[in-house]
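Colleague: Residue numbers for the sequence shown follow this note's numbering, so the first one is 289 and each next one is one higher.
Glycine is no exception: its CB is placed at the ideal position from the N, C-alpha and C atoms.
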Amino acid sequence: MSWRDILGTEEPTTHNSHNTQNTSQTGNSADIANCAEQESKLLETLATVCQHLTITPKEMQEALAPEDIEAWRKGEVTIGALSAFANALAQRREMDRGKRPANYSHPATCKHCGPIWLWFPGEVLGCPWCWNRVNNNPIPRPCAVTCADCEHFKRIDHPHLGHCLKGEPEAVAGIWDTDHRFCERYYPNTKQGEK
Ligand code: SF4
Ligand SMILES: [Zn+2]
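1. Residue 422 lies in the alpha helix (DSSP H); which residues open and close that run?
2. Could you check how far apart the C-beta atoms of residue 452 and residue 441 are, in whole angstroms? I think they sit under 8 Å.
3. With a cut-off of 8 Å on the beta carbons, I'd call residue 394 and residue 406 a contact; round off their distance for me.
4. Residues in its own chain within less than 8 Å of residue 461 by CB, not counting five upstream and five downstream?
5. Going by other Cβ atoms of all chains shown within 10 Å of its Cβ, with 16 needed for buried, is residue 402 buried or exposed?
6. Would you check if the region 332-339 and the region 314-324 touch, i.e. whether three or more CB-CB distances between them fall below 8 Å?
7. So residue 428 is in the alpha helix (DSSP H); what residue range does that whole segment cover?
8. Considering just the uninterrupted stretch of the beta strand (DSSP E) at residue 443, what are its terminal residues?
9. Is the beta carbon of residue 331 sitting closer than 8 Å to the one on residue 360?
Here it is, written out as structure tokens:
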């Protein structure tokens with residue numbers, strides 16, 4: 289499948305036909321044609337590295353910084369580097385949706401996110417899931433947590449009941465603080481005892 293099939297977007301020939309309508313500005317037209325050709329080549333290369341991934345060449349092009357594209361034009365960026373970037377980008381997008389990468393197979397603990405999946409076990413001060421926390425995206429959990437330990441648990445005038453400030457499902461009376469759940473919105477409460 290060609291990159292045009294994958295993209296389903298503007299054909300490079302659109303640029304070309306536009307250029308032919310401005311034949312009086314030959315220098316300009318040559319520049320535009322050159323730009324279109326460069327973009328076409330870039331997208332073709334990106335189509336190769338995006339094969340079997342969940343991102344499109346166009347999305348990857350948008351994620352590349354202008355200096356990266358310039359470096360690619362100068363031949364300073366290898367296909368291997370682009371492939372690595374494509375894989376990382378695709379993985380990041382899946383993680384943004386709360387999906388665990390296949391190689392994140394070890395339960396671990398992030399100081400800020402709580403129980404997380406990582407590619408190694410142990411405790412960390414920050415992790416790739418911190419992006420989800422900052423952007424209010426879900427974090428898949430390797431184990432159950434309790435609302436009693438969560439920053440989003442708001443106690444009511446009851447020794448065990450409260451409500452979820454994140455709007456997670458709860459009973460009519462509220463949530464029992466020691467109930468266990470695999471909550472993707474859980475954040476460790478660093479101010480326990482203040483509520
Ligand atoms: S975010 Fe999850 S763990 Fe936290 S209070 Fe709400 S339901 Fe409980
Ligand atoms: Zn984290």
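Modeller: Checking against the coordinates, here is how it stands:
1. The count along the sequence shown starts at 1 and reaches residue 422 at position 134. Element bounds for residue 422: 418-422.
2. Within the sequence shown, numbered from 1, the residue matching residue 452 stands at position 164. Within the sequence shown, numbered from 1, the residue matching residue 441 stands at position 153. Correct: roughly 7 Å between the Cβ atoms.
3. Against the sequence shown, residue 394 aligns to sequence position 106. Against the sequence shown, residue 406 aligns to sequence position 118. Sure, about 6 Å apart at Cβ, within 8 Å.
4. Looking up residue 461 in the sequence shown gives position 173. If we look at residue 461 and ignore the five residues flanking it on each side, its Cβ neighbours are 449.
5. As a working note, residue 402 is residue 114 in the sequence shown. With 16 or more other Cβ atoms within 10 Å, it is buried.
6. no
7. Along the sequence shown, one-based indexing puts residue 428 at 140. Note, residue 428: premise wrong, no alpha helix (DSSP H); not H, not E.
8. One-based indexing of the sequence shown puts residue 443 at position 155. That run of the beta strand (DSSP E) goes 441-443.
9. In the sequence shown, residue 331 corresponds to position 43, counting from 1. In the sequence shown, residue 360 corresponds to position 72, counting from 1. For residue 331 and residue 360, no; Cβs fall outside 8 Å.
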